[in-house]
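Going by full-length UniProt numbering, the sequence shown opens with residue 1, and the numbers climb by one from there. From the three backbone atoms N, C-alpha and C, an ideal C-beta is built for every residue, glycine too.
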Amino acid sequence: MAYDPDLQPIIDGLGSRIAALEAGVPAPGGAADLAPLTARMECVEDKLSAMAVALGSVVLPVEPPPAPPALELPEGYRRTGDFRRARGDAANWSLDELIMTTWLGGVGTMGDPSLIDWGTDGSALLKHRDGTPPRSGVIQVNKAKASGTWGAILEVVDEGAVCAFFTYASNAREFDFELIRKDGTTVWAIGIHMPKTGGGTVSSPKVHVPLAAGIHRYEFAYDAEAVTFWIDGAQVARFTPADVPGASWEMEAKMQILCSVEHHAAWAGWAAADYAGGAAMRVHALLT
1 MAYDPDLQPI IDGLGSRIAA LEAGVPAPGG AADLAPLTAR MECVEDKLSA MAVALGSVVL
61 PVEPPPAPPA LELPEGYRRT GDFRRARGDA ANWSLDELIM TTWLGGVGTM GDPSLIDWGT
121 DGSALLKHRD GTPPRSGVIQ VNKAKASGTW GAILEVVDEG AVCAFFTYAS NAREFDFELI
181 RKDGTTVWAI GIHMPKTGGG TVSSPKVHVP LAAGIHRYEF AYDAEAVTFW IDGAQVARFT
241 PADVPGASWE MEAKMQILCS VEHHAAWAGW AAADYAGGAA MRVHALLT
């Protein structure tokens, strides 16, 4: 065993002293002179105490936790933060790709860019704040198409309001993933709204899919035969013209992606306390 160089002379001295004591053990009734040994032991204790104090002040480097692996994106997806973005009240609609809305949405939730946190990983955290009117971070993709596939990679961070990923067209055609509470369970309400010839809309029945924790891919596609919905590549709903009787299954009106966290009526199942507690959804990437 290696010793501190400062202690070695003391240890050597103790060894010599002990050897001397062993060689000259006093006769019964005699007294050994232990004062030198006691002094040396006190010196050792002082040295050890000083070493303990010194070691206590040493700060060892702490390795930071490893960064989580970068999210691998499927073909065609872009990280939300990679889109050229602007506030809705200052957007250049010819150039900006992602609009942070600043107006009242169709269900009465006000778009508020201050409620969007942009992450270093390229994600956007949309937060909800209750009030009059309720406010939310809302993003709208400034690119529209009449048919094809739309997608979003989402993470519900905090339940308590209607986290929504949907498309909308000027003729009120709408395809929805909307987070609701039903029978005590948090589920995605999946459905479509189609325009009627002569005005108004027809809504499909809702399909309910339980929310799974973590990051997931949500997609829907529209063609002449059906609107089909998937989560992580697995089909979860499909609607045909028969599901929206009387609707115009037209293919001309173009639709844009929107993501938001909204306050809805009682049908959504969230209580006043849920809305008051806030809610949030992280948008990692979009397929436009």
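Buried or exposed by the 16-neighbour rule on C-beta atoms within 10 Å, applied to residue i
i	result
Asn142	buried
residue 359	Only positions 1 to 288 of the chain appear in the structure, and residue 359 is not among them; the question remains open.
Val162	buried
Leu48	exposed
Gly233	exposed
Leu104	exposed
Asp130	buried
Val53	exposed
Thr185	exposed
Asp89	exposed
Val138	buried
Ser136	buried
Trp188	buried
Thr101	buried
Asp112	buried
Val283	buried
Ser170	exposed
Thr80	buried
Leu258	buried
Leu125	buried
Trp267	exposed
Met51	exposed
Val59	exposed
Proximal residues to residue i (C-beta, below 6 Å), its chain only, five neighbours per side dropped
i	result
Pro133	Gly108 and Met110
Asp176	Phe166 and Gly191
Ser248	Pro195 and Thr197
Gly277	Gly160
Trp230	Glu219
Gly246	Lys196 and Val202
Tyr275	Asp130, Ala161 and His263
Arg217	Ile153 and Asp232
Trp93	none
Glu250	none
Residues that DSSP places opposite residue i in a beta bridge
i	result
His128	Ser136 and Ala279
residue 301	It is not possible to answer for residue 301, since the shown part of the chain is limited to 1 through 288.
Trp103	Note: Trp103 sits in no beta bridge, so no partner.
Leu98	Arg85 and Val141
Arg78	Leu286
Asp117	Leu125
Same chain, Cβ closer than 7 Å to residue i, five either side skipped, listed in chain order
i	result
Ala144	Lys254, Met255 and Gln256
Ala279	His128, Asp158, Glu159, Gly160, Ala161, Cys163 and Val261
Phe239	Ile192, Ser204, Ala226 and Val227
Glu173	The question names Glu, but residue 173 is Arg in the sequence shown. Excluding residues within five positions, the ones whose Cβ falls inside 7 Å are His193, Met194, Pro195, Ala253 and Met255.
Arg78	Ala285 and Leu286
Arg87	Met100, Thr102 and Pro113
Leu211	Val156, Leu179, Thr186, Val187 and Trp188
Trp118	Gly81 and Ala124
Sequence-distant residues of its chain with Cβ nearer than 8 Å to residue i (five each side left out)
i	result
Glu97	Phe83, Arg84, Arg85, Val141, Asn142 and Lys143
Pro9	none
Gly56	none
Ala91	Ile99 and Asn142
Practice task
Just list the beta strand (DSSP E) runs in the UniProt domain "GH16" (139-270), keeping only unbroken ones of 3 residues or longer that don't cross its boundaries, in chain order.
Solution key: The qualifying runs are 139-141, 148-158, 162-169, 174-182, 185-195, 201-203, 207-210, 215-222, 227-231, 234-239 and 255-262.
Exercise for the section: Determine contact between the region 147-161 and the region 215-222, defined as no fewer than three beta-carbon pairs at a distance below 8 Å. Expected result: At 8 Å Cβ cutoff, the stretches touch.
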